Amino acid sequence: MEQAKAGLVRIYESIDEKIILKESDEVDKGFVQDFECAMNDDLNTPRAISILFEIVKKINLENDNLTKRRLVTTLKKLANIIGLLSEKPELFFQYGSGVDTQLIEEMILKRNLARKDKDFDKADEIRDELKSLGIILDDKADGTKWKKV
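Our numbering puts the first residue of the sequence shown at 35, with every later residue one more than the last.
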């Protein structure tokens with residue numbers, strides 16, 4: 035079960051940063067054909083899932099944004115066929131975390147204020163407290179994102 039969860043996390047992480055990219059109108063026809071062959075082979079879901087991971091690998095290695103968009107679109111469409119990637123990555127990483135979302139947001143706000151005031155000891159203390167709850171922070175230009183690990 036843990037291995038399956040780790041695999042799903044890996045798939046979501048591959049699109050997490052790319053979710054802001056505009057969706058492509060195109061899909062990677064080679065991956066679509068391979069996926070369809072797997073599904074037509076007596077619903078060979080292990081093969082279908084391995085194709086999804088091939089797409090994830092290619093997304094993570096790709097530098098061209100147009101190709102990356104096409105791969106992300108392909109991944110989403112194929113994963114949806116077998117009931118995966120139905121949530122936005124942000125919701126996936128926060129859903130069912132077992133902690134109060136409002137409390138986490140308040141702690142992040144306090145941490146950001148401490149950082150703004152250059153009270154880095156306090157900011158580190160709050161980060162460590164969140165980490166002990168299984169919450170990992172990711173500071174970005176547009177704010178602090180968090181996810182449950």
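The C-beta atom is built at its ideal place from N, Cα and C for all residues, glycine as well. No experiment lies behind these values; they were computed from the predicted model shown.
If I'm right that residue i touches residue j with Cβ under 8 angstroms, what's the distance once you round it to whole angstroms?
i: residue 89; j: residue 108; result: 6 angstroms
i: residue 72; j: residue 93; result: Wrong, their Cβ atoms sit about 19 angstroms apart, outside the cutoff.
i: residue 160; j: residue 144; result: 6 angstroms
i: residue 45; j: residue 100; result: About 21 angstroms; that fails the 8 angstroms criterion.
i: residue 27; j: residue 69; result: Because residue 27 is not part of the residues shown, which for the chain are 35 to 183, the question remains open.
i: residue 49; j: residue 123; result: 6 angstroms
Could you pull the DSSP bridge partners for residue i from this structure?
i: residue 178; result: 173
When the Cα atoms are used, what is the spatial distance from residue i to residue j?
i: residue 91; j: residue 102; result: 11 angstroms
i: residue 65; j: residue 79; result: 14 angstroms
i: residue 110; j: residue 42; result: 13 angstroms
i: residue 131; j: residue 140; result: Here residue 131 scores only 48 on pLDDT, less than 50, and its place in the model should not be relied on; the value that follows carries that caveat. Cα to Cα, residue 131 sits roughly 16 angstroms from residue 140.
i: residue 138; j: residue 125; result: 14 angstroms
i: residue 98; j: residue 157; result: 37 angstroms
i: residue 57; j: residue 74; result: 27 angstroms
i: residue 150; j: residue 134; result: 24 angstroms
i: residue 96; j: residue 177; result: 26 angstroms
i: residue 121; j: residue 47; result: 12 angstroms
In chain order, what are the residue ranges of uninterrupted alpha helix (DSSP H) at least 4 long that sit wholly in the stretch 82-117? Within the stretch 82-117, the complete alpha helix (DSSP H) runs of at least 4 residues fall at 99-115.
Tell me whether the stretch 159-178 and the stretch 135-150 touch, counting them as touching only if at least three CB pairs, one residue from each stretch, are closer than 8 angstroms. These segments touch.
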